[in-house]
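**Q** My questions will all concern the structure given below.
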Amino acid sequence: MENILLVENLIQSFRVGKGLLDELTFQNGRFIRETLRVHAVNGVSFEIPRGTVFSLVGESGCGKSTTARTIIKLLEPKGGRILFQGMDITRFSKKEMLPLRKQMQMIFQDPYASLNPRSRVLDIVREPILFHRLADTKSQATEMAMDLLQKVGIRPEQANRYPHQFSGGQQQRIGIARALSVHPQFVIADEPVSALDVSIQAQILNLMMDLQKEFHFSYLFIAHNLAVVKHISDHVGIMYLGKIVEKGRKQDVFSNPKHPYTIALLNSIPRLEGKNLEHTPPIKGEIPSPLHLPSGCHFHERCPYAMEICNEVYPEERMTAPNHWVSCHLY
Ligand code: SF4
């Protein structure tokens, strides 16, 4: 199947504190000023076949949202390649990205912050249709926007209200309608339900699945909880400290996880049948700072199976079954 997106060895980092937090080190009898950088994304590679859902999962601070923002070019990549529909967009300027904006859309974690508080909901959804000239007339654009609002569960009489007059779940529905208003081929959903009540999360996830079936776009779905992505994904990538440590088809990763971090994440999901995967000791400590990446395998300080080699050498990605990849010296 043709890929809508191919990401190769993506790298993203940021300088911290405009130099105020730079560190002094002493080397060869001289003080040297070392620039402090957050190493947020450290060589991420994956592909998304057209019409499918790829979920990127990991704890807060693992670099998954930065990966998403870099792919959609809200941030300029520091290295690697991004191919969208076969086109290398890695170095595309803002102007070159403009025609692609309607094909790549994003749904944000905080729906209220992503909606213009001074615009009525109808305008929020209609404006991209007009901007990208997807309608011949304003009344046609209005019809298209109203139709979409209805699809996401906003009633016609609510279309003239402002974002603050809606609940968090309704605001996310409006954000989804705005993203879909330009008929995108590819949608990045960055933790779209994590700010919502658990009771609302299922409704929004079901809506997102229904809309994907109806409009046939592809998703990159970002989440910190594997339980959230279980039913929505075709493929899953597990991210830890800026790297994908395991990736594969959803059913393989869920039923036969390989990486100790994936197993620990899966064991943290309550199971109705009360059955856990192979018993692993819980993960120790906190995720290390991306300012100072650990040597060797980034997970070695927390891994119950760490061996000597793990402190020194980053494990290469290996295929353990068709389409199932893992980076761990155990394999
Ligand atoms: Fe654990 Fe070593 Fe595998 Fe890293 S490479 S996950 S430290 S066993």
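Quick note, our numbering runs 1366 ahead of the 1-based positions in the sequence shown.
The beta carbon of each residue, even a glycine, is placed where N, CA and C say it ideally should be.
Note that the structure is predicted; figures quoted are calculated from it, not measured.
If you run the structure through DSSP and keep just helix, strand and coil, what is Glu1523?
**A** Walking along the sequence shown from the start, residue 1523 turns up at place 157. Helix, per DSSP.
**Q** Measuring only the C-alpha atoms, how far is Val1602 from Met1472?
**A** Start at 1 with the first residue of the sequence shown, and residue 1602 comes out as number 236. Start at 1 with the first residue of the sequence shown, and residue 1472 comes out as number 106. Roughly 19 Å separates the two Cα atoms.
**Q** Give, in chain order, every unbroken run of the beta strand (DSSP E) that is at least 3 residues long and sits entirely within the stretch 1419 to 1505.
**A** Listed in chain order, the complete beta strand (DSSP E) runs (minimum 3 residues) inside the stretch 1419 to 1505 are 1419 to 1423, 1445 to 1450 and 1470 to 1473.
**Q** Is it the case that the Cβ atoms of Leu1571 and Val1559 are separated by a distance below 8 Å?
**A** Position 205 of the sequence shown, counting from 1, holds the residue named residue 1571. Position 193 of the sequence shown, counting from 1, holds the residue named residue 1559. Their beta carbons are under 8 Å apart, which means Leu1571 touches Val1559 by this criterion.
**Q** Tell me whether Met1673 counts as near the ligand SF4, meaning its Cβ is closer than 7 Å to at least one heavy atom of that ligand.
**A** If you number the sequence shown from 1, residue 1673 lands on position 307. Yes.
**Q** Closest by CA to Arg1467, which one among Asn1526, Glu1523, Thr1418 and Ala1545?
**A** Here residue 1467 is taken as the residue at index 101 of the sequence shown, counted from 1. Selected option, being the one with the closest Cα: Ala1545.
**Q** Measure from the alpha carbon of Gly1446 to the alpha carbon of each residue in Leu1592, Val1619, Gln1378 and Lys1616, then state which is nearest.
**A** Here residue 1446 refers to the residue found at position 80 when the sequence shown is read from its first residue. The candidate whose alpha carbon is nearest that of Gly1446 is Gln1378.
**Q** Gln1393 bridges to which residues according to DSSP?
**A** Against the sequence shown, residue 1393 aligns to sequence position 27. Gln1393 pairs with Arg1396.
**Q** Alpha carbon to alpha carbon, how far is Leu1573 from Glu1509?
**A** One-based indexing of the sequence shown puts residue 1573 at position 207. One-based indexing of the sequence shown puts residue 1509 at position 143. The alpha-carbon atoms of Leu1573 and Glu1509 are separated by roughly 21 Å.
**Q** So what does DSSP say about Gln1569, is it helix, strand or coil?
**A** In the sequence shown, the residue the question calls residue 1569 occupies position 203. If DSSP states are grouped into helix, strand and coil, Gln1569 belongs with the helices.
**Q** Do you know whose CA, among Pro1647, Glu1368, Glu1425 and Phe1587, lies nearest Lys1616's CA?
**A** Here residue 1616 refers to the residue found at position 250 when the sequence shown is read from its first residue. That would be Phe1587, whose Cα lies nearest to the Cα of Lys1616.
**Q** When the distance is taken between beta carbons, is Pro1623 closer than 8 Å to Ser1547?
**A** Position 181 of the sequence shown holds residue 1547. Position 257 of the sequence shown holds residue 1623. No, these two residues do not count as a Cβ contact at 8 Å.
**Q** Would the beta-carbon of Leu1696 be found less than 7 Å away from any heavy atom of the ligand SF4?
**A** Position 330 of the sequence shown, counted from the start, is the residue given in the question as residue 1696. Because some heavy atom of the ligand SF4 lies under 7 Å away, the Cβ of Leu1696 counts as near it: yes.
**Q** By Cβ distance, which residues of its chain are closer than 8 Å to Leu1638, with the 5 residues on each side in sequence left out?
**A** On the sequence shown, position 272 is the one that residue 1638 refers to. Since pLDDT at Leu1638 reaches only 49, below the 50 mark, its modelled position is unreliable, and the value read off the structure follows with that caveat. There are no such residues.
**Q** Write down the C-beta distance between Pro1681 and His1690 rounded to the nearest angstrom, noting that I regard them as a contact closer than 8 Å.
**A** Here residue 1681 refers to the residue found at position 315 when the sequence shown is read from its first residue. Here residue 1690 refers to the residue found at position 324 when the sequence shown is read from its first residue. Contact flag wrong, Cβ pair sits at about 15 Å.
**Q** Just confirm the distance between the C-beta atoms of Gly1427 and Ile1653, as a whole number of angstroms; I'd bet it's less than 8 Å.
**A** What you label residue 1427 is simply residue 61 of the sequence shown in a count that begins at 1. What you label residue 1653 is simply residue 287 of the sequence shown in a count that begins at 1. Gly1427 to Ile1653, Cβ: 6 Å. Contact.
**Q** Any idea which residues DSSP pairs Gly1535 with across the strands?
**A** Taking the first residue of the sequence shown as 1, we reach residue 1535 at position 169. According to DSSP, Gly1535 bridges with nothing at all.
**Q** Apart from the five residues just before and just after Met1367, which ones in its own chain have a Cβ nearer than 8 Å to its Cβ?
**A** In the sequence shown, the residue the question calls residue 1367 occupies position 1. Counting only Cβ-Cβ distances below 8 Å, and skipping sequence neighbours, we find Pro1415, Arg1416, Gly1417 and Thr1418.
**Q** DSSP three-state label for Ile1629, please.
**A** Working through the sequence shown from its first residue, we reach residue 1629 at position 263. Correct three-state label for Ile1629: helix.
**Q** State the DSSP-derived secondary structure class of Gly1651, mapped to helix, strand or coil.
**A** What you label residue 1651 is simply residue 285 of the sequence shown in a count that begins at 1. Three-state DSSP puts Gly1651 in coil, outside helix and strand.
**Q** Give the DSSP-derived three-state secondary structure of Thr1401 in the structure shown.
**A** On the sequence shown, position 35 is the one that residue 1401 refers to. In the structure shown, Thr1401 sits in coil (DSSP, three-state: anything other than H, G, I, E or B).
**Q** Using only the heavy atoms of the ligand SF4, determine whether one of them is closer than 7 Å to the beta carbon of Cys1676.
**A** Numbered from its first residue, the sequence shown carries residue 1676 at position 310. Yes, the Cβ of Cys1676 comes within 7 Å of a heavy atom of the ligand SF4.
**Q** Exposed or buried, which one is Lys1613 when buried takes at least 16 other CB atoms within 10 Å?
**A** Walking along the sequence shown from the start, residue 1613 turns up at place 247. Buried: at least 16 other Cβ atoms inside 10 Å.
**Q** From Leu1449 to Asp1476, what distance separates their C-alpha atoms?
**A** On the sequence shown, position 83 is the one that residue 1449 refers to. On the sequence shown, position 110 is the one that residue 1476 refers to. Cα-Cα distance, rounded: 28 Å.
**Q** When you compare only the Cα positions, how much space is there between Ile1370 and Arg1396?
**A** The sequence position of residue 1370 within the sequence shown is 4, counting from 1. The sequence position of residue 1396 within the sequence shown is 30, counting from 1. Answer to the nearest angstrom: the Cα atoms are 50 Å apart.
**Q** Tell me whether Ile1598 sits in a helix, a strand or coil according to DSSP, three-state version.
**A** Here residue 1598 corresponds to residue number 232 of the sequence shown, with the count starting at 1. Three-state result, Ile1598: coil.
**Q** Go through its chain and collect everything with a Cβ distance to Leu1372's Cβ below 7 Å, but skip five positions before and after it.
**A** For the purposes of this step, residue 1372 is identified with residue 6 of the sequence shown, where counting begins at 1. Cβ within range, chain order: Glu1413 and Leu1449.
**Q** Helix, strand or coil: which one does DSSP assign to Glu1374?
**A** Your numbering for residue 1374 matches position 8 in the sequence shown. Three-state DSSP puts Glu1374 in a strand.
**Q** With a threshold of 7 Å, establish whether the CB of Cys1669 neighbours any heavy atom of the ligand SF4.
**A** As a first step, residue 1669 is located in the sequence shown; it is residue number 303 there, counting from the start. At least one heavy atom of the ligand SF4 is nearer than 7 Å to the Cβ of Cys1669, so yes.
**Q** Express the C-alpha separation of Pro1465 and Leu1376 in angstroms, rounding to a whole number.
**A** The residue given as residue 1376 occupies position 10 in the sequence shown. The residue given as residue 1465 occupies position 99 in the sequence shown. Taking the straight line joining both Cα atoms gives about 23 Å.
**Q** May I ask you to report which of helix, strand or coil DSSP gives Ser1621?
**A** Start at 1 with the first residue of the sequence shown, and residue 1621 comes out as number 255. Correct three-state label for Ser1621: helix.
**Q** In angstroms, rounded to a whole number, what distance separates the CA positions of Phe1583 and Ile1675?
**A** Indexing the sequence shown from 1 puts residue 1583 at position 217. Indexing the sequence shown from 1 puts residue 1675 at position 309. One C-alpha to the other measures close to 43 Å.
**Q** Specify the secondary structure class of Val1679 as computed by DSSP and reduced to three states.
**A** By 1-based counting over the sequence shown, the position of residue 1679 is 313. Reduced to three states, the DSSP call for Val1679 is coil.
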